[in-house]
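Okay, structure first, notes after.
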Amino acid sequence: MAMLKRRELLQLSGLAAAGYGVGMALRMTAPPAGRDLGDDPRARALLRDGSAPAEGPRDADVVLVLFTDYQCPACRKAAPALAAAMREDGGVRVLYRDWPIFGPRSEQAARVALAAGRQGLYAQVHHGLMADRRRLDPPVLRAVAEAAGGDWARLERDMAADRAAVDRAFRKTRDDAYALGIAGTPAYLIGSKLVIGAIGRRQFRRAFADARAAISG
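The opening position of the sequence shown corresponds to residue 448 in the working numbering, with each subsequent residue numbered one higher.
Right under this line is the structure:
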């Protein structure tokens, strides 16, 4: 078979790239695929968990439980879309479930975020870690926490004091995830609907609307 000329290769590469781009655009704007858990008692318990770090209005009519890891590429990809959708909507509350499945750096990052929660800074540190593209080594974790307004010395003391409790929280998050059939991050329990994998801003907005319709319907 004759070898393709350079121009033909470039044309094929361009078509492949365009096809990939169109595919990703369609995937990130199509209605979010998900599984309706209905009245599953495990899902209801997660949506009512008052111990999880939270962000958004306390009287929100839509609650979202987010299973996440700070080194998860898909989590990082979807984080800005979720934040934008929540800002636009104004009536969604997210409950964060840290599930550090990508190794020791993920675990330490989650511990820093949870300890920052003692200072009322979980959400700020969470967003900072998701946005930072550096390797999450200790100096970076400290820089992110301090940029959010955290007292690093206090944060280290809280991490040490809470170590056993955080270990239990990690295990519970793992068990809760497995019980719902979640094998990795990110996963979003939006009302009674479980969505697994990164989705786009419009898909989040659609999922919020679906959750409201289910409540009122």
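Think of the CB as a built atom: it goes at the ideal place given N, C-alpha and C, for glycine as much as any other residue.
Note that this is a predicted model, so its numbers are computed, not measured.
Coil, strand or helix - Leu576 by DSSP: helix
Take Ala525 and list the residues in its own chain whose beta-carbon comes closer than 7 Å to its own, dropping the five residues that flank it on each side. Pro633, Ala645, Ile646
Taking the alpha carbon of Pro527 as the reference point, which residue from Ala563, Gly497, His574, Gln566 has its own alpha carbon closest? His574
Give me the Cα-Cα distance between Leu542 and Ala521, rounded to the nearest whole angstrom. 18 Å
DSSP state of Phe549 mapped onto helix, strand, coil: coil
Out of curiosity, what's the CA-to-CA distance linking Phe651 and Ala492? 22 Å
Buried or exposed: where does Ile643 fall if 16 or more other Cβ atoms within 10 Å of its Cβ makes it buried? buried
Where does Thr620 land, buried or exposed, given buried means 16+ other C-beta within 10 angstroms? buried
Cutoff 6 Å; reference Pro547; Cβ partners in own chain excluding five residues on either side: Asp516, Ser553, Glu554, Ala557
Let's see if you can read the secondary structure: which residues bound the beta strand (DSSP E) around Cys627? In the sequence as displayed, the identity of residue 627 is Leu instead of Cys. Here Leu627 belongs to no beta strand (DSSP E), and DSSP marks it neither H nor E.
Under a Cβ-count criterion, where at least 16 other Cβ atoms within 10 Å of its own Cβ denotes burial, should Tyr569 be classed as buried or exposed? buried
Could you give the residue range of the beta strand (DSSP E) that holds Ala634? 634-637
Would the stretch 579-590 and the stretch 609-620 be scored as touching if the rule is three or more Cβ pairs under 8 Å? no
Mind checking which residues open and close the alpha helix (DSSP H) that includes Leu529? 520-536
Taking the C-alpha atoms as reference points, what is the distance between Phe514 and Ala624? 8 Å
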